[in-house]
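Take a look at the structure below.
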Amino acid sequence: MKKKALQTVAASMVIASLALTACGSNGNGSDSNQASNGKGTSQQKEASVKELRIMAGVVGGKTPEETDLFEQEIERLTGIKADITKPASDYNTKLTTAISSGEKYDLLQISKETMNTFIDQGILTPITDFVEGSDVLSDSSVIPSGEWAQVKTEDGQIYGVFSKFQGGTMPIVRQDWLDKLGLDTPETLDEFYQVLKAFKEQDPDGNGKEDTYGLSTAGLYEIQGFMSAAGVKQRYVMEDGKRVIPYATEAAIPVYEWFAKLYKEGIMDPNFATNDTGKMRNLFLTDRVGMVTYWDAWVGLFNNARLQEDPDTAFQAKGIPGPAGPDGEILLRRGDPDVWVIPVNAEHPETAMEFIEWWHTEPGIILGSLGIEGEDYVKKDGQYELTELGKEHGMDHGVPFWYNDNVKPPFGKLPGVEEAQQIVMEHASLELTLPNWTDAEKIINNYAIRAMTGEMPAAEAVAKMQGELKRADLID
Numbered sequence: 001m002k003k004k005a006l007q008t009v010a011a012s013m014v015i016a017s018l019a020l021t022a023c024g025s026n027g028n029g030s031d032s033n034q035a036s037n038g039k040g041t042s043q044q045k046e047a048s049v050k051e052l053r054i055m056a057g058v059v060g061g062k063t064p065e066e067t068d069l070f071e072q073e074i075e076r077l078t079g080i081k082a083d084i085t086k087p088a089s090d091y092n093t094k095l096t097t098a099i100s101s102g103e104k105y106d107l108l109q110i111s112k113e114t115m116n117t118f119i120d121q122g123i124l125t126p127i128t129d130f131v132e133g134s135d136v137l138s139d140s141s142v143i144p145s146g147e148w149a150q151v152k153t154e155d156g157q158i159y160g161v162f163s164k165f166q167g168g169t170m171p172i173v174r175q176d177w178l179d180k181l182g183l184d185t186p187e188t189l190d191e192f193y194q195v196l197k198a199f200k201e202q203d204p205d206g207n208g209k210e211d212t213y214g215l216s217t218a219g220l221y222e223i224q225g226f227m228s229a230a231g232v233k234q235r236y237v238m239e240d241g242k243r244v245i246p247y248a249t250e251a252a253i254p255v256y257e258w259f260a261k262l263y264k265e266g267i268m269d270p271n272f273a274t275n276d277t278g279k280m281r282n283l284f285l286t287d288r289v290g291m292v293t294y295w296d297a298w299v300g301l302f303n304n305a306r307l308q309e310d311p312d313t314a315f316q317a318k319g320i321p322g323p324a325g326p327d328g329e330i331l332l333r334r335g336d337p338d339v340w341v342i343p344v345n346a347e348h349p350e351t352a353m354e355f356i357e358w359w360h361t362e363p364g365i366i367l368g369s370l371g372i373e374g375e376d377y378v379k380k381d382g383q384y385e386l387t388e389l390g391k392e393h394g395m396d397h398g399v400p401f402w403y404n405d406n407v408k409p410p411f412g413k414l415p416g417v418e419e420a421q422q423i424v425m426e427h428a429s430l431e432l433t434l435p436n437w438t439d440a441e442k443i444i445n446n447y448a449i450r451a452m453t454g455e456m457p458a459a460e461a462v463a464k465m466q467g468e469l470k471r472a473d474l475i476d
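The sequence shown: position 98 = 98 (UniProt numbering), numbered continuously.
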């Protein structure tokens, strides 16, 4: 059964079987009888038992055995007896199957896209009053007030609370190569061209061979930083009520032509069209390419990998903004946030809200990042020390980065990450992903790659994109 069909089944079964529960809700996740007299049986049970059933994709242990320890740590720290379901693979499929079978969870960790689908299907409880009334979640030092726009519905309702800070993508450059060649950080497409050309021709790795490239990507992943020069945004935008894919408009043509020039002159990695992200990253780490386009977190991971290999390395990765568009704005991509949501059939919604608040405090953040005390780290004289297992786990049990400014990373952030995240916060925004985007993406990729490799003139490629997208009813 296809995903969309499964979701439809999920909605009908959950709503039908739980109509009484939904009708008894007062809109903030608590039973209406509890809200009126404070003596409901369900509330008494919840207050005494403090149970929580969670389904999560990335939150928890690295193994089933460690997830058991993770549950025990939650209970030790909060008094909440947690039962975490964390599938090893195919999370979305197993989530949909669980929902369609009527299983009851108090908390789900899902993407914003899935959240929107579940909202439309009536599966989730609105928690606007809870968020706005929470001393923790309404504190802008815990979650910046501007971030809530990412998860609010058109009518201003909130159904999900961030489970972590989600970053964005940008050009990542070898800053040490810029310094070695006496080059400034590029700010326009022409300046980017000159820098990338120098990386190709001026032996930045110093091995006396012409064996470096200026730029590599993994296909169109992630060229948004350069499309910024044309004021073009990835995926869909709505213009006067019509669906538009900016990558398939005339505005994008000059950027495709710019890529074709890089490719023709050997400045672009010739295998960019077939690269996966692993191959792209490896070229960057092994001194074969001077710039890639990837996530802010990888600025730190690149630097850390080389430092671990050689503490005296000159290697320095740095995230930089893309070129500004005609209106002076820089358009980068923000990743869809992961959120905690409460289903309408949750048996312990108040405990779920208590957990969500706690998750954004220091003990919750330490658990979601460093992990389990005694397993992933020990604390001596107020200082954290990772165990060997903790080092392997990379300080990520679902929260590699967080919002709360009051909680400082115990070991600091990896080199370059903080600056890259500031670029994300200033310039990156979410894309609009409409139904059937996957079908549209195949058409975009096909003709964009042809344009970028010079196989087809960019104007012709865009015209063919538009034609196919219209015939398939994917744009208006």
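Note that the Cβ used here is the ideal one computed from N, Cα and C, for glycine as well.
When DSSP labels each residue in this structure, what does Ile475 get in the three-state scheme?
As a position in the sequence shown, residue 475 is number 475, starting the count at 1. Coil.
Look at Val299 and Val399 and say whether their C-beta atoms are less than 8 angstroms apart.
Against the sequence shown, residue 299 aligns to sequence position 299. Against the sequence shown, residue 399 aligns to sequence position 399. Not in contact: Val299 and Val399 (Cβ atoms no closer than 8 angstroms).
Would you say Glu418 touches the ligand FAD, meaning its beta carbon is less than 7 angstroms from a heavy atom?
The ligand FAD is not part of this structure, which contains no ligands at all.
If you count every other CB in all the chains shown that lies within 10 Å of the CB of Met395, and 16 or more means buried, which is it?
By one-based count along the sequence shown, residue 395 stands at place 395. By the 10 Å Cβ count, Met395 comes out buried.
Give the secondary structure of Asp296 by DSSP, where H, G and I count as helix, E and B as strand, and everything else as coil.
In the sequence shown, the residue the question calls residue 296 occupies position 296. Of the three classes helix, strand and coil, the one that applies to Asp296 here is coil, per DSSP.
Closest to residue 479 by C-alpha separation, out of Asp211, Leu220, Ala451, Pro435, would be which residue?
Since the displayed the chain opens at 1 and closes at 476, residue 479 lies outside it and no answer follows.
Unbroken beta strand (DSSP E) runs of length 3 or more, entirely within the segment 312-368: which are they?
You should have 317-319, 338-341.
Between Ile475 and Val244, which are expected to be in contact by the criterion C-beta below 8 angstroms, what is the C-beta distance as a whole number of angstroms?
By 1-based counting over the sequence shown, the position of residue 475 is 475. By 1-based counting over the sequence shown, the position of residue 244 is 244. Right, the Cβ-Cβ distance comes to about 6 angstroms (below 8 angstroms), so this counts as a contact.
Apart from the five residues on each side of it in sequence, which residues of its chain come closer than 8 angstroms, Cβ to Cβ, to Tyr256?
Taking the first residue of the sequence shown as 1, we reach residue 256 at position 256. Only Ala448, Ala451, Met452, Ala458, Ala461, Val462 meet the Cβ criterion.
Within 10 angstroms of its Cβ, does Ser228 collect 16 or more other Cβ (buried), or is it exposed?
Translated into positions along the sequence shown, residue 228 becomes position 228. Flag for Ser228 reads buried.
Kindly list the residues whose CB is nearer than 7 angstroms to the CB of Ser30, restricted to its own chain and excluding five residues on each side of it in sequence; keep chain order.
Walking along the sequence shown from the start, residue 30 turns up at place 30. Unreliable placement is indicated for Ser30, whose pLDDT of 38 sits below 50; no coordinate value is reported for it.
For Tyr159, which three-state DSSP category applies?
If you number the sequence shown from 1, residue 159 lands on position 159. Tyr159: coil per DSSP, three-state reduction.
Out of Pro435, Phe302, Glu362, which has the shortest C-alpha to C-alpha gap to Asn116?
What you label residue 116 is simply residue 116 of the sequence shown in a count that begins at 1. Nearest C-alpha to Asn116: Pro435.
Exposed or buried, Gly225, counting other C-beta atoms within 10 Å across all chains shown (16 or more means buried)?
Stepping through the sequence shown from its first residue, residue 225 is reached at position 225. That one is buried.
By the 10 Å Cβ neighbour count, where 16 or more other Cβ atoms means buried, how is Asp473 classified, buried or exposed?
Translated into the one-based positions of the sequence shown, residue 473 becomes position 473. Exposed is the call here.
Note down, one range per segment and in chain order, each beta strand (DSSP E) of at least 3 residues found wholly within the segment 166-235.
Correct list: 169-174, 213-216.
Classify Leu108: buried if its beta carbon has 16 or more other beta carbons within 10 angstroms, exposed otherwise.
The residue labelled residue 108 in the question sits at position 108 within the sequence shown. Label assigned to Leu108: buried.
CA-CA distance, Glu309 and Phe284?
As a working mapping, residue 309 is identified with position 309 in the sequence shown. As a working mapping, residue 284 is identified with position 284 in the sequence shown. In a straight line, the C-alpha of Glu309 is about 15 angstroms away from that of Phe284.
Am I right that Thr169 and Thr293 are in contact with their C-beta atoms under 8 angstroms? What's the rounded C-beta distance?
Taking the first residue of the sequence shown as position 1, residue 169 is located at position 169. Taking the first residue of the sequence shown as position 1, residue 293 is located at position 293. Confirmed, about 6 angstroms.
Considering only residues of the same chain and omitting the five flanking positions on each side of His427, which have a CB-CB separation below 6 angstroms?
In the sequence shown, the residue the question calls residue 427 occupies position 427. Around His427: Pro321, Ile330, Leu332.
Between the Cα of Trp295 and the Cα atoms of Trp358, Ala317, Thr286, which residue gives the shortest distance?
Position 295 of the sequence shown holds residue 295. Minimum Cα distance to Trp295 is reached at Ala317.
Quick one: grab the DSSP three-state call for Leu95.
Counting from one through the sequence shown, the residue named residue 95 turns up at place 95. Of the three classes helix, strand and coil, the one that applies to Leu95 here is helix, per DSSP.
For the alpha helix (DSSP H) that contains Lys242, what are its first and last residues?
As a first step, residue 242 must be located in the sequence shown, where it is residue number 242. Not the alpha helix (DSSP H): Lys242 falls in the beta strand (DSSP E), residues 242-244.
If you draw a straight line from the alpha carbon of Asp439 to that of Leu469, how long is it in whole angstroms?
For the purposes of this step, residue 439 is identified with residue 439 of the sequence shown, where counting begins at 1. For the purposes of this step, residue 469 is identified with residue 469 of the sequence shown, where counting begins at 1. Those two C-alpha atoms are separated by around 9 angstroms.
So, with DSSP's three-state summary, where would you put Val417?
Indexing the sequence shown from 1 puts residue 417 at position 417. Looking at Val417 - three-state DSSP - the assignment turns out to be helix.
Could you tell me the alpha carbon to alpha carbon distance between Ala297 and Ala420, rounded to whole angstroms?
What you label residue 297 is simply residue 297 of the sequence shown in a count that begins at 1. What you label residue 420 is simply residue 420 of the sequence shown in a count that begins at 1. If I take the Cα positions, the gap works out to 8 angstroms.
Out of Leu178, Ile423, Ser216, Glu222, which has the shortest C-alpha to C-alpha gap to Gln202?
As a first step, residue 202 is located in the sequence shown; it is residue number 202 there, counting from the start. Checked all of Leu178, Ile423, Ser216, Glu222; the closest Cα to Gln202 is Leu178.
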